[in-house]
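Number of protein chains: 6
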Amino acid sequence: MITVIFRRIRRASAVLVFCWLGGALIVPCAIRAQLITFSKQDLVDYTAKEPFERFADGRPKVPNELLERARDLNSEEIWATLHEKGYNNQFADGFTILHPGKPLVGRAFTLQFMPLRQDVDQVAQQKAKEHGLARLMNQTAIDMLQPGDVLVVDLFGKKVDGTIVGDNLFYYVMQATHGGGLVVDGSVRDLQGISEIDMPAYFRAADPTPIGNVMLTGINVPIRIGGVTVMPGDLVVGDSEGVYFIPPALVQQVVDNADVIHIHDEWTRMKFEEGKYKSEEIYGTPKDPALKKEYEEYLKKRLDEIRKGRPGL
Amino acid sequence: MITVIFRRIRRASAVLVFCWLGGALIVPCAIRAQLITFSKQDLVDYTAKEPFERFADGRPKVPNELLERARDLNSEEIWATLHEKGYNNQFADGFTILHPGKPLVGRAFTLQFMPLRQDVDQVAQQKAKEHGLARLMNQTAIDMLQPGDVLVVDLFGKKVDGTIVGDNLFYYVMQATHGGGLVVDGSVRDLQGISEIDMPAYFRAADPTPIGNVMLTGINVPIRIGGVTVMPGDLVVGDSEGVYFIPPALVQQVVDNADVIHIHDEWTRMKFEEGKYKSEEIYGTPKDPALKKEYEEYLKKRLDEIRKGRPGL
Amino acid sequence: MITVIFRRIRRASAVLVFCWLGGALIVPCAIRAQLITFSKQDLVDYTAKEPFERFADGRPKVPNELLERARDLNSEEIWATLHEKGYNNQFADGFTILHPGKPLVGRAFTLQFMPLRQDVDQVAQQKAKEHGLARLMNQTAIDMLQPGDVLVVDLFGKKVDGTIVGDNLFYYVMQATHGGGLVVDGSVRDLQGISEIDMPAYFRAADPTPIGNVMLTGINVPIRIGGVTVMPGDLVVGDSEGVYFIPPALVQQVVDNADVIHIHDEWTRMKFEEGKYKSEEIYGTPKDPALKKEYEEYLKKRLDEIRKGRPGL
Amino acid sequence: MITVIFRRIRRASAVLVFCWLGGALIVPCAIRAQLITFSKQDLVDYTAKEPFERFADGRPKVPNELLERARDLNSEEIWATLHEKGYNNQFADGFTILHPGKPLVGRAFTLQFMPLRQDVDQVAQQKAKEHGLARLMNQTAIDMLQPGDVLVVDLFGKKVDGTIVGDNLFYYVMQATHGGGLVVDGSVRDLQGISEIDMPAYFRAADPTPIGNVMLTGINVPIRIGGVTVMPGDLVVGDSEGVYFIPPALVQQVVDNADVIHIHDEWTRMKFEEGKYKSEEIYGTPKDPALKKEYEEYLKKRLDEIRKGRPGL
Amino acid sequence: MITVIFRRIRRASAVLVFCWLGGALIVPCAIRAQLITFSKQDLVDYTAKEPFERFADGRPKVPNELLERARDLNSEEIWATLHEKGYNNQFADGFTILHPGKPLVGRAFTLQFMPLRQDVDQVAQQKAKEHGLARLMNQTAIDMLQPGDVLVVDLFGKKVDGTIVGDNLFYYVMQATHGGGLVVDGSVRDLQGISEIDMPAYFRAADPTPIGNVMLTGINVPIRIGGVTVMPGDLVVGDSEGVYFIPPALVQQVVDNADVIHIHDEWTRMKFEEGKYKSEEIYGTPKDPALKKEYEEYLKKRLDEIRKGRPGL
Amino acid sequence: MITVIFRRIRRASAVLVFCWLGGALIVPCAIRAQLITFSKQDLVDYTAKEPFERFADGRPKVPNELLERARDLNSEEIWATLHEKGYNNQFADGFTILHPGKPLVGRAFTLQFMPLRQDVDQVAQQKAKEHGLARLMNQTAIDMLQPGDVLVVDLFGKKVDGTIVGDNLFYYVMQATHGGGLVVDGSVRDLQGISEIDMPAYFRAADPTPIGNVMLTGINVPIRIGGVTVMPGDLVVGDSEGVYFIPPALVQQVVDNADVIHIHDEWTRMKFEEGKYKSEEIYGTPKDPALKKEYEEYLKKRLDEIRKGRPGL
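Residue numbers (my numbering), protein chains in the order written: chain D, 1111 to 1423; chain E, 1111 to 1423; chain B, 1111 to 1423; chain G, 1111 to 1423; chain P, 1111 to 1423; chain C, 1111 to 1423.
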């Protein structure tokens, strides 16, 4: 039995160092103990325009209210604003989606793995020991997750030996993130068990093997998922098409613009249901000046209604 | 906001010309304003054997009663008749199916797109203008759809920029065709929104980008979908395996033959349920003369029942 | 109509010989009438360590009680024991799964097909005739299925003309195996019809064509499915990830070990729900000696409970 | 033996009608006898800006002198001009290239095939007969090739039964086009034999089967090859990367611009060989004003030299 | 160093039993020591129509003279005869070809591997020991090769750990078969070294790993390579398209028919070179009766010449 | 013309900062101006066991003499030593190889690109400016190459817009590295032009587009190429199978072990040529004690010869 359970961890390789900062807070000393490092100052510098608070480690913290509003977003609405602002590389697809109807929304907590290489791994572990730590498991990174986080993992599409979690750790991630979610360019184990847990997840494949033959090379560093450069703290939004990674500085615009698109779609369908118009007369923007006016008034009225029914943001 | 909405159409390229024929009916002058043309006479010539009425533009009009009967067809039943008649290239698969349980049945309304090429597109637009029309949107073709139509679109498998509709136009197509359906060798936008609309759809992929970098080159011309040459007016039938395109001249035989296969399957399963027979004694055709006679009487009786319960066709 | 139905069998090619062994039991004389043979003695020799009864043809017969316990297995639990014993090639995936939530459990009944080759096929048929048999249909093999069997078929991934059954024979297989199941490295017909029948099935694709251009070369011979060598009588277990083929000699260990893993997962989640622990303190094996003791006592207690509630095995 | 040879043609399906125009010239009456038609007037309208002569059937005829100059073009040089003019869909790749070192240059002669469909094929053949012609072979289209032509064929990527020519017809094409060339989105037969014939060819695959299960639907109509809309008369240029299809109206600019790029590359390499400069100082455009001046004088001098050594174009 | 060299064999798994038959000849007792067996009688039964001698183990022995004539065959010529006789599954392609210009000709010596499974492997090894043999290497099968053989190996497309030979054993195979050749549905090692050895080879991939994680399950048994059922003793012919496996009973017809096709092609090209004919007048079969007569006389004359210049066959 | 040439650089995005260290040497201040940084100290720490000199930036410098000896290595020889030492992830394949016969040997100079993201790119550029630099081109990294370097680039498999160099920069790289070489998980432009330049190159594809829509995120940082973690300074060795990345600390062992394998292969082939032995008696290690002794003496003698003929290393 010990053998069986030990199997689950024996091949995992993870290097992480904690510093006790004299207070209650435990912050990872990512600077020296992983292969790839991205310091708190780096995080602050590269996300300088985000208007919100930050976590202790520097990650932008998109407010909970905006996370809530983001639950109503769909792919098209996000595409519109990002495209207008010149961001054309923020969408990744090709995932198996665990619960296709359930929206994924949260703040990106990133992990990077690379193929195992003993010389590199030994140095990283030695560095960990020098910071007073024994060999660390990859769940150590998972133990840093916060409520509202989405765990975003670069396992370079690995299927066999590329399973970031099985059902037990998936359950833990759900608890720790308050149902935030998982996006992995890699695989998961225990698909059957995971299916019964109520957290959104996007993965490339499922496989019975545990994670192995890799090394954890970065925690909350910039990573690549498909054609997207993901930054720690990005707003992650997934629907049945795929996943968007939205820079925090654009979040407010995205959700505000989505209100307009929502109303526009509402009005367009109302008109289509009347059965009096060809699509060309309505779709995109109404051609007839009177109709256009009618639309604009409707838009204004509905925007007012929506905004009144909403607190601060 | 205008920017956002305008985005939806700005890259679409479509060329279509209407002629006002002195009456209420608007018919497209497809002959001169698209790159590829297929005249009313062409349509009549190439479908000369179809026994039904035609639309004003020459498309065969498989009667509503046969559409209704076709809702009970499955892939195997269609294969049987088409194969017997020497039609082995009428099935396309490899689609994502929007509502797998919901049958797709209707008359093919075909669109063809090709990669954008400015010199060609400019001439086509010039021809459109000469017929008194401003630049046309691709929903113009969509505005020609009739109740009972299935929109069948050759977008040569394009995913990015190959989205024939988003949820608004999908909604419009549902209204215009009375829930007919969509088959596109290309993609759709707003998968989430489309999923909530009750119309069958078959597509290669979903993508957040709007249609672009293509030109509309044909409306109701012969097109290729996978390994099938689709003619305007074909009976389109889709189930959870894929889509059949049935020449109108064969429709009656297909549905009549399907009655026989239905009854055969009914009887075969009844026998299997009795648990007295090996599959070899029953399957295909009963081996024992007495059983065979029993089957034939059953077939005759059931055919009579079915036909009595059915109007004209 | 005869034409239509005859189509279903005309291209199938199957060679099988029965011997009447003076008793009620019919056993296939596989030794001389198929291209590839694997005698009863071969079966007994190559599965000598399996501790259970055998069928008359030599196939190991994993007891019904163990089949029942196997219904609770998941991929991870099976992987753990097989990996520990050095069996790393017993899992196949990449299938379309008919009823993803429904577990597949049964004893492997294997079929092997190879591409049709007239010279070989003619000899095999001649051999069949010499044993007093007319040309045989491929359902003859299907007619040999027993309750609790899973039909496992090597059709070398063939899609077109590689459909082992349509809905009628699928129905028959369900009846004959008492809902055992089907795994085919090939395709099925009548996906729509099959979907309504309550038997688990794993296949590569669906296609409207009937089986053809192949010859049945082995019944209950060793076959390859993906990266697995499957032996007749293997315990077949499928979940939403894929299919395991478990050597009968390991079945008892697998299900016993699964009890331990079940309890371990139960305890782990209980601890996670308490919200007091990081995953690292619990996952894999508890780090704190007191916790470890708590776990071990829990394990012992629950194992006792489980075993008391269970008959003999 | 007759059987053997007859095989080569029996499955080919081609429909073409000739009109004897009272003179020596034979011109195809493409208008009525193929499924897809593109009249001489269509050709003239859609290529109105091309400044050269035309063939009797309306195809633009890029002059031989420009074909000659085009032999020195490479992919990058063509890309530069087309991209600048907004043509981003004129390049197709993914081909097997018969003689990778040998440039392909010529005027596009296009053929379109579609999957065979008996009802359509029968009408097309009937139309052919009405024009006084017996059943036509697909080499009839090949018999229309002119010196300098490149045969460009849409066989929708078909491998098995999608072989446009074997070595005999390939030899004929070489003779008829004076070594022009072949581009087929489909396959060829007799790869071994074809390899010994000195004509460039680009194809998707080689296969031993003859062409079959298709119908010839268009001769010199607009076709799609990969992501390119090809027009009859386009300048076709292929190198070891792939194939460009250049609108005749842009040919002069492409070859003139290529002179500049040639000289630029010449000068850049000369500077690199001197070993005194970093790439950044030279590449793209020289940063130092003195160097820039040197380059511009060199460019002017070399352009003069090149142009003096060249007749009219 | 020992470690290094030992690596090459340590993972290989092979089971083979020799019987000393009282004479000089060593014949493998394939019947009991491999998983899949195919006895001498099986071989004789299933190739009863082949008109030539046999090897001691029952394999048909296509005479050397016919091997020699087969060196001039190309894919098309083989296809013609096999297709006419109803053999449509004898061609495999998709290989990397070591020396594309060099023809592959020889008699099939087949090997079958399956994924390693310890329980099966242990029994097979026990059986080997009972026949007085120590653990055997997979080169034991290679040691059975005869001059004129082509080694044909089913490694089910395995790349990593699926390398049948490296350069040393490849060299040995060349020596033993007198340059016969290799076809493997799997991979090879040492591509660089192998490239310098003058023997034709067809493989799926090259990889640096040695063979492993498989078991040798059959020597000279029927195997599947792509879509072909290969029988031991088949005539193997490979050109730059792929590989044909020709049943010995058809070999004479194939080579005789090839003479006719050779002459036909010769004459056709002569006519094309005259430049007086359209392809349609000549290709396939000459349309003009006078030309046809000319051709038939030419054919007769050339056949006579060829046959005179050739010994017995 | 300016337009044309400017095109080559306009979409490239690169961020790099140089520090003038008071001396002649220019060293990049990689620490602050790229997204991903890996300092000189990181390089020294993570390659602490390498026994050679280092470059000024900390990269290990495998001596020229060992580079020279490495030119005779083949894939198998490298695999043997790395596998023995537990390094199983150092080989990447699937490349198009520019000059298949020409060995690639050199020291890894790594570049990492990621998908363009404006917010990140703007900060990186701002940081560059703060270090006194204008916008930098991606050839700036290329300008840092040293003789003996191989440029190893992670462009995440990008084809369109993923071309690291065209023929001009390829020429420059050849000059700067003294023919070292290029490995790119991405594409190249101007395949035709590049083919004429005598430097080894491994790439995924060729494409006419210039590099674009990406940002240079790391210079001499750890990168991933296929399944390999590549460290700056690794010995890169490529043959016709693929590319090995060898940690500097293992280089001496690899080349020494290769001597033994060379001699072993030499002796094995000599024995095979004698024609007296089965492969089993010789291959791997000689079975006969006398033969083994003969081999060992041969090995010793040849090793002595080789080592005498070689300077220091």
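Just so it is clear, CB atoms sit at the ideal spot from N, CA and C, and this is done for glycine as well.
Taking the Cβ atoms as the reference, P:D1295 lies roughly 7 Å from P:F1266, within the contact range of under 8 Å. Looking from the CA of D:Y1156, the closest CA among D:P1332, D:D1229, D:V1270 belongs to D:P1332. Here the alpha carbons of D:F1280 and B:V1338 stand approximately 29 Å from one another. For P:R1334, the beta-bridge partners assigned by DSSP are P:T1339. G:K1388 and C:D1259 have their C-alpha atoms spaced approximately 16 Å apart. Taking C-beta atoms as the reference points, P:V1293 and P:T1273 fail to come closer than 7 Å. Residue contact check for E:R1299 against chain D: a CB pair falls below 7 Å. Going by beta carbons, C:V1353 and C:A1180 fall outside the 7 Å limit. Scanning its chain for C-beta atoms nearer than 7 Å, with the 5 sequence neighbours on each side dropped, one finds around C:K1381 the residues Y1387, I1392, in chain order. The beta carbon of P:K1268 sits closer than 6 Å to those of G1296, all from its chain and outside the five residues before and after it, given in chain order. Within the segment 1192 to 1219 of chain B, contact with chain P at the beta-carbon level (separation under 8 Å) is assigned to K1195, G1196, Y1197, N1198, N1199, Q1200. For the set G:N1199, G:K1418, G:V1262, the Cα lying nearest the Cα of C:V1270 is the one of G:N1199. Under the Cβ distance rule, G:Y1156 counts among the residues neighbouring chain E, one pair being separated by less than 7 Å. When 7 Å is used as the limit between beta carbons, D:F1266 is near these residues of chain C: R1334, in chain order. With contact defined as three or more Cβ pairs closer than 8 Å, the segment 1156 to 1168 of chain D and the segment 1158 to 1167 of chain C are not in contact. Pairwise C-beta distances place the segment 1315 to 1324 of chain G in contact with the segment 1222 to 1242 of chain G, as three or more of them are shorter than 8 Å. Around the beta carbon of C:E1390, 16 or more other beta carbons sit within 10 angstroms, so the residue counts as buried.
The beta carbon of C:Y1408 sits closer than 8 Å to the beta carbons of I1373, W1377 from its chain, once the five residues preceding and following it are set aside; these are given in chain order. Membership of G:Q1222 in the beta strand (DSSP E) is indicated by the continuous run 1214 to 1225.
Spanning the alpha carbons of D:D1253 and D:A1286 requires a straight line of approximately 8 Å. D:F1355 is outside the set of residues whose beta carbon lies under 7 Å from a beta carbon in chain E. For the segment 1221 to 1240 of chain P, residues whose beta-carbon sits nearer than 7 Å to a beta-carbon of chain B comprise M1224, P1225, L1226, R1227, Q1228, D1229, V1230, V1233. Under the 7 Å criterion on CB atoms, D:R1314 is classed as non-interfacial with respect to chain E.
At least one CB atom of chain G sits nearer than 7 Å to the CB of P:D1349. Between D:L1145 and D:G1168, the gap from beta carbon to beta carbon reaches 7 Å or more. E:P1213 and E:N1278 have their C-alpha atoms some 22 Å from each other. Look at G:R1379 here: in three-state DSSP terms it is helix. The continuous beta strand (DSSP E) containing B:R1314 extends over residues 1311 to 1316. For C:L1279, the enclosing alpha helix (DSSP H) stretches over residues 1277 to 1287. In chain P, no part has a C-beta under 8 Å from the C-beta of C:T1287; the shortest such distance is about 22 Å.
In this structure, the straight-line span from the alpha carbon of D:L1261 to that of E:L1301 is close to 24 Å.
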